[in-house]
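Down below is the structure, laid out as structure tokens.
In structure tokens form, the structure reads like this:
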């Protein structure tokens, strides 16, 4: 196992050989009882600092061992979290459930394994998580100089073991360093995030610097009243990340099956966006914490286009959705829902100092939350901006507006992508749950509203 | 004798003692188990079954004013000890450089054991009978009407038992067991190239009776009718200033979003500023937010409710909280930390989703207090207005001020009568405009189930929200 280490075993800690024994025991119990199984065991350690008003509000620490299992018998399927203490009983109960249900329309034979084990571990993160000493992080980030700030800083180490009846036997070990900071200056605020598999202190400091700069810039400008309408809009990476995650979700074949995708009826080759837009799922990007070399069915992952220069390249599949809708697995399993692991939006040619000039007249929006769909099948939605939002006239920010709402449809927004920056930022936070490398995005037409 | 027979209370008491001996001015150990069965039905056929038991210890310590939380799902004594040490280390780390030392306010701490006793326990029905019920609900539906077609119906049934033992260093000892049922469904439909969907959740505490009382077949049939009206019958919505009558479904959501959330004290003091945001109550000048008809209550103690509890996750006795009373801003929702900051007592609003979650300030069952109008009386003097019956889209800004609701099913009101349906009518108002525009309140209180998200890592907890029909005068539709 790549994660079988000689690290010190402390009282109460989960010993790696014990971890293997648990998986092996689960295998020996389940194998004679079912046609197919996948055992996915995970040991995760995480530590998190939460900040409010520039000070620590709580430090949290987690250590868990989880044993999850997919089983199939006579084309009936079930997904279970198995309690290690009650392993035999839990597995027998799971199998007896399947004897009482009918064949699942979702069933498909497990695909041939084609993944590989992987390791992407930053020793500094591993050591910090294992020791619980995060004091150096606060010092490294120089947070005491930021002023009134809230946010979160997290470090984690995840060890995983996947074993299946189809012959998959893979391990992965990955570290993660991510967080986000919201900086307040007077009535203004700015927020930014970062994510990495490494202790990438420069990405974190960049994010803090961006949040601070946005808050300061907005605090220098007057507030202006906003009139609802259709405008040219520049979206910051935090918003682009959120909206592109929704696009990637709609590209999951599972969302089509569940009747919740605006890509329903689309075929590979259809034009769905401006030719300026390229969106990829990049599980093999080692810098982003969604990095993985096998999916939950043991299929090897690969980087792939979801949208390439405006053209839809296909749905994300596991073996079940591929069978149901026609196609091949794309190595994006989830046992039920196919999913993207890391997202990357293609870069453009705008330089950072050209973005206001490119926008010329319109609004520059930097952060959002609470994205909700009026109609998943048509992609109509709204989302509320927060933090710095600038009115731009003649290529210069002239005022700030507050809590404007984007109320439009994603298919329309995809077609109005006019430009993207060269530089991209690694984003992950509350509203961007898939690690995403994203530029700024210039849109020619977006409907904006606000209560009058 | 413990309510939860595989957990020894004395082990938790000893653990809390260890926290105190090792320098914690406050210690709290919670055993927390969520046992869940889920059944997913796609177009009347079982897609799959899931069972999950999440169980472990969640431990909080305060050392030198710093707050630390640690969890483990290793239930051995060694596992518990290791997590105790991590909690203490976390608290020590959190104490560095802080100017405000965290304290727990005095509170009405309980030493009690309680459980919700279902009328019909989950074990009364084997899984195949539960599946049959869900399948029958699907089979009863009319799935097409000329060119209108329901393209998919997906149902997720979920039964859970939540068990907790909470011990604190200042004397709380609470044992509880709460069974719950919830059902989510999504219905998609199409008509002549137009498509729409309706997502809905029902839920309550109790046993199988929760499913029986909610009449899934009737709810889904009504939602298919709503989709039919939206896609086939409804016309473009009106714009401009008009009177509006909102259904209990929308009123319930509105009070959750614009009364409950902004009344959370941790949000007001900035602890959630980078996540769920702040509250307009942080900045608001004045004490009045609405008309005299506006009273909003959050009450965890409603029997059968989805957000039911009698003691919170810090061991504090639960009670009803009046968030808005006759249009005036009322009390805040507090846990013991925020109560200490505000110089008051906790009113029992600390909740944790599972053993991996710290208890934070949460709502339980939030509702608009009913009045005495019938629906007919609410609309009888409206010359030109809108009745919004169901919604799909909604959101609110991060200070809980600007909010938006888009109707899935809505009707024109003309000369006191419901007339033609309108599609996707959008109501976008501020919190003050919403509550000050209310001039009449119905007497028909209804509750709806939801999963409320907050915290970092995000925690989803079961809640109810509800209200009667209400009438708002002269609001703007865009």
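Residue numbers (this note's numbering), protein chains in the order written: chain A, 661 to 1112; chain B, -3 to 474. Yeah, the Cβ is synthetic: ideal placement off N, Cα and C, and Gly gets one too.
Counting only beta-carbon atoms, is residue i nearer than 7 angstroms to chain B?
| i | result |
| --- | --- |
| residue 1063 of chain A | yes |
| residue 731 of chain A | no |
| residue 977 of chain A | no |
| residue 927 of chain A | no |
| residue 1111 of chain A | yes |
| residue 757 of chain A | yes |
| residue 848 of chain A | no |
| residue 812 of chain A | yes |
| residue 717 of chain A | yes |
| residue 1071 of chain A | no |
| residue 738 of chain A | yes |
| residue 1085 of chain A | no |
| residue 741 of chain A | yes |
| residue 897 of chain A | no |
| residue 611 of chain A | Since the first residue of chain A shown is 661 and the last is 1112, residue 611 of chain A is not available in this structure. |
| residue 661 of chain A | Summary for residue 661 of chain A: the model assigns pLDDT 33, below 50, so the residue's position carries little reliability, and this model does not support an answer. |
| residue 892 of chain A | no |
| residue 677 of chain A | no |
| residue 1113 of chain A | What the structure shows of chain A is the stretch from 661 to 1112, and residue 1113 of chain A is not part of that stretch, so it cannot be assessed. |
| residue 671 of chain A | With a pLDDT of 43 at residue 671 of chain A, under the threshold of 50, the predicted position of this residue should be treated as unreliable, though the coordinate-derived value follows. Output row for residue 671 of chain A: interface = yes. |
Tell me where the beta strand (DSSP E) around residue i begins and ends.
| i | result |
| --- | --- |
| residue 361 of chain B | 361 to 364 |
| residue 708 of chain A | 696 to 712 |
| residue 1154 of chain A | There is simply no residue 1154 of chain A to check, as chain A begins at 661 and stops at 1112 in what is shown. |
| residue 1019 of chain A | Run containing residue 1019 of chain A: none in the beta strand (DSSP E); it sits in the alpha helix (DSSP H), 1015 to 1019. |
| residue 1131 of chain A | There is simply no residue 1131 of chain A to check, as chain A begins at 661 and stops at 1112 in what is shown. |
| residue 67 of chain B | 62 to 68 |
| residue 23 of chain B | 22 to 38 |
| residue 200 of chain B | 190 to 201 |
| residue 1050 of chain A | 1040 to 1053 |
| residue 473 of chain B | 466 to 473 |
| residue 296 of chain B | Premise fails: residue 296 of chain B is in no beta strand (DSSP E) and is neither H nor E. |
| residue 164 of chain B | 144 to 164 |
For residue i, would you say it is in contact with chain A, using Cβ-to-Cβ distances shorter than 7 angstroms as the test?
| i | result |
| --- | --- |
| residue 148 of chain B | yes |
| residue 457 of chain B | no |
| residue 64 of chain B | yes |
| residue 197 of chain B | no |
| residue 377 of chain B | no |
| residue 424 of chain B | yes |
According to the neighbour-count rule (16 or more other Cβ atoms, all chains shown, within 10 Å of its Cβ), is residue i buried or exposed?
| i | result |
| --- | --- |
| residue 1043 of chain A | buried |
| residue 119 of chain B | exposed |
| residue 125 of chain B | exposed |
| residue 250 of chain B | buried |
| residue 316 of chain B | exposed |
| residue 219 of chain B | buried |
| residue 667 of chain A | The pLDDT assigned to residue 667 of chain A is 37, lower than 50, so where the model puts this residue is not dependable; a value taken from the coordinates is nonetheless given after this. Label assigned to residue 667 of chain A: exposed. |
| residue 1101 of chain A | buried |
| residue 113 of chain B | exposed |
| residue 454 of chain B | exposed |
| residue 678 of chain A | exposed |
Starting from residue i, follow the alpha helix (DSSP H) in both directions and report where the run begins and ends.
| i | result |
| --- | --- |
| residue 313 of chain B | No alpha helix (DSSP H) contains residue 313 of chain B, which DSSP labels as neither H nor E. |
| residue 209 of chain B | 205 to 210 |
| residue 975 of chain A | Per DSSP, residue 975 of chain A belongs to no alpha helix (DSSP H) and is neither H nor E. |
| residue 434 of chain B | Not the alpha helix (DSSP H): residue 434 of chain B falls in the beta strand (DSSP E), residues 434 to 437. |
| residue 914 of chain A | 913 to 917 |
| residue 883 of chain A | From DSSP, residue 883 of chain A is part of no alpha helix (DSSP H); its letter is neither H nor E. |
| residue 904 of chain A | 897 to 910 |
| residue 1086 of chain A | From DSSP, residue 1086 of chain A is part of no alpha helix (DSSP H) but of the beta strand (DSSP E) over 1085 to 1089. |
At least 3 beta-carbon pairs within less than 8 angstroms: the segment 1029 to 1042 of chain A vs the segment 367 to 386 of chain B: no
Cβ contact check for the segment 827 to 845 of chain A and the segment 810 to 817 of chain A: 3 or more pairs under 8 angstroms
yes
Note to self: With a threshold of 8 angstroms, are at least 3 pairs of Cβ atoms found where one atom belongs to the segment 392 to 410 of chain B and the other to the segment 433 to 451 of chain B?
What the structure shows: no
Report yes or no: do three or more beta-carbon pairs, one from the segment 954 to 972 of chain A and one from the segment 922 to 931 of chain A, lie closer than 8 angstroms?
yes
**Item:** the segment 906 to 922 of chain A contacting the segment 5 to 15 of chain B, beta-carbon criterion three pairs below 8 angstroms
**Value:** no
Would the segment 235 to 252 of chain B count as touching the segment 427 to 444 of chain B if we require 3 or more Cβ pairs under 8 angstroms? yes
Check: Should the segment 741 to 748 of chain A be called in touch with the segment 42 to 61 of chain B, which here means at least 3 C-beta pairs below 8 angstroms?
Finding: yes
### Query
Counting Cβ pairs, one atom from each stretch, are 3 or more of them under 8 angstroms apart for the segment 166 to 177 of chain B and the segment 296 to 308 of chain B?
yes
* Asked: Quick one: any contact between the segment 1084 to 1099 of chain A and the segment 932 to 951 of chain A, if contact means 3 or more CB pairs under 8 angstroms?
  -> yes
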